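Novice: Residue numbers (the numbering used here): 5 to 168.
We put the CB at the ideal spot given by N, CA and C, even for glycine.
This one's a predicted model, so the numbers in the text were calculated from it and none came from an experiment.
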Amino acid sequence: MAVLNVIAIPSPLLKQVSLPVGKISDETRSLIDDMRQTMLAHKSCVGLAAVQVGVLARIIIVDVSLSEKPHRSSGVLYMINPVITYSSGKTSSREGCLSVPDFIGNVIRKKKIEVEYIDASGQKRSLKTEGFEAVCIQHEIDHLDGKVFLDRVTSLKTDVFRRQ
Ligand code: NI
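Shown next as structure tokens:
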């Protein structure tokens with residue numbers, strides 16, 4: 005396992021749409037292990053998408069269990085080809101991203117979601133969640149579609165702040 009380099013804006017890779025994963029190969033498993041190590045190497049990192057380590061594959065990892073924010077947590081979630089199949093409500097929260105190291109921003113997202121995905125062992129799964137965990141999943145799926153949270157703020161002038 006290895007800690008991978010995380011790319012940051014303005015890397016053009018972060019604007020690309022990631023491709024669906026077909027078969028889960030040894031290479032895929034190794035990438036997922038390395039992504040997990042990379043998350044653990046960054047304090048307070050709650051999610052990572054494969055594109056952030058330079059691989060345009062639809063893989064995300066979310067783990068809000070160690071966050072200090074109030075939240076419900078499903079533990080560490082390895083999601084391959086995740087698709088949001090249902091969402092409702094709205095919630096606003098402050099987001100940060102390893103690929104946007106200098107800024108944080110206020111983003112409005114869906115409060116509750118249902119997401120279908122393939123887990124690391126190749127099983128098809130579905131998860132209903134809400135609040136912070138749901139926000140993190142939406143943030144990471146955005147990366148797979150070439151978006152960062154700066155693309156989601158209402159105003160770059162009033163909703164984005166320099167990190168202290
Ligand atoms: Ni991010």
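1) State buried or exposed for Phe153, treating a residue as buried only when at least 16 other CB atoms are found within 10 Å of its CB.
2) If I measure Cβ to Cβ from Gln142 and keep anything under 6 Å in the same chain, skipping five residues before and after, which residues do I get?
3) Might you give, ordered along the chain, the residues of its own chain that have their beta carbon closer than 7 Å to the beta carbon of Arg40, omitting 5 neighbours on each side?
4) Do Val104 and Ile1 count as a contact pair if the criterion is CB distance below 7 Å?
5) Quick check on the DSSP output: the beta strand (DSSP E) that includes Met83 runs from which residue to which?
6) Nearest to Val50 by CA position, among Arg76, Ser125, Val59 and Val164, is which residue?
7) Return yes when the Cβ of Asn85 is within less than 7 Å of the Cβ of Arg98, no when it is not.
8) Would you identify the three-state DSSP class for Arg129, choosing helix, strand or coil?
9) Restricting to Cα atoms, I'd like to know which of Lys19, Pro24, Val59 and Leu148 is closest to Leu35.
10) Is it the case that the CB of Cys140 approaches a heavy atom of the ligand NI more closely than 6 Å?
11) Residues in its own chain within less than 8 Å of Val80 by CB, not counting five upstream and five downstream?
12) What first and last residue would you give for the alpha helix (DSSP H) that runs through Glu72?
13) Go ahead and pull the three-state DSSP assignment for Val164.
14) For the ligand NI, is there a heavy atom less than 6 Å away from the beta-carbon of Cys101?
15) Since Phe107 is in the alpha helix (DSSP H), which residue starts that stretch and which ends it?
16) For Leu148, write down the residues that DSSP places opposite it in a beta bridge.
Specialist: From the atom records:
1) buried
2) Arg113
3) Ile65
4) Only positions 5 to 168 of the chain appear in the structure, and residue 1 is not among them; the question remains open.
5) Leu81 to Ser92
6) Arg76
7) no
8) strand
9) Val59
10) no
11) Arg40, Ile65, Val66, Asp67 and Ser69
12) Where Glu72 is concerned, there is no enclosing alpha helix (DSSP H), given that its DSSP letter is neither H nor E.
13) strand
14) yes
15) No alpha helix (DSSP H) holds Phe107; the beta strand (DSSP E) holding it covers Phe107 to Arg113.
16) In DSSP, Leu148 forms no bridge with anything.
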